Amino acid sequence: MSNNNLSQLVKMINQIADNIGNGDDVNAVANHVIRFWARPMKARIVEHFHGGGEGLNPVAKQAVQQLSG
């Protein structure tokens with residue numbers, strides 16, 4: 174996945190984090206990603222998290238941490 178696609182994933186999960194549960198419901202963000210994102214998208218954002226998670230807002234970062242089990 175290109176860096177441009179990664180930027181889109183970061184932007185998307187940050188928007189989800191900002192809009193679901195008034196921007197502080199980590200479980201709702203993680204559940205949304207689990208339910209609606211394709212497996213390669215989830216794998217890429219988890220990989221990005223393990224590489225430092227640059228650009229992820231705090232709620233998005235916590236949600237991705239939940240996804241990484």
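Going by my numbering, 195 is the number at position 22 of the sequence shown; the sequence numbering is gapless. Here a beta-carbon is modelled for each residue, glycine too, at the ideal position from N, C-alpha and C. Here the structure is a predicted model, which is why all the values come from computation and not from measurement.
Please check the pair residue i and residue j, which I expect to be a contact at CB under 8 Å, by giving their CB distance rounded to whole angstroms.
| i | j | result |
| --- | --- | --- |
| glutamine 238 | phenylalanine 222 | 6 Å |
| valine 206 | isoleucine 193 | Contact flag wrong, Cβ pair sits at about 10 Å. |
Residue range of the alpha helix (DSSP H) that residue i falls in?
| i | result |
| --- | --- |
| isoleucine 207 | 199-209 |
Please classify residue i: does DSSP put it in a helix, a strand, or coil?
| i | result |
| --- | --- |
| glycine 225 | coil |
| asparagine 192 | helix |
| serine 241 | coil |
| asparagine 177 | helix |
| asparagine 230 | coil |
May I have the straight-line CA-CA distance separating residue i from residue j, to the nearest angstrom?
| i | j | result |
| --- | --- | --- |
| isoleucine 189 | alanine 233 | 8 Å |
| methionine 214 | glutamate 227 | 16 Å |
| glutamine 235 | valine 199 | 6 Å |
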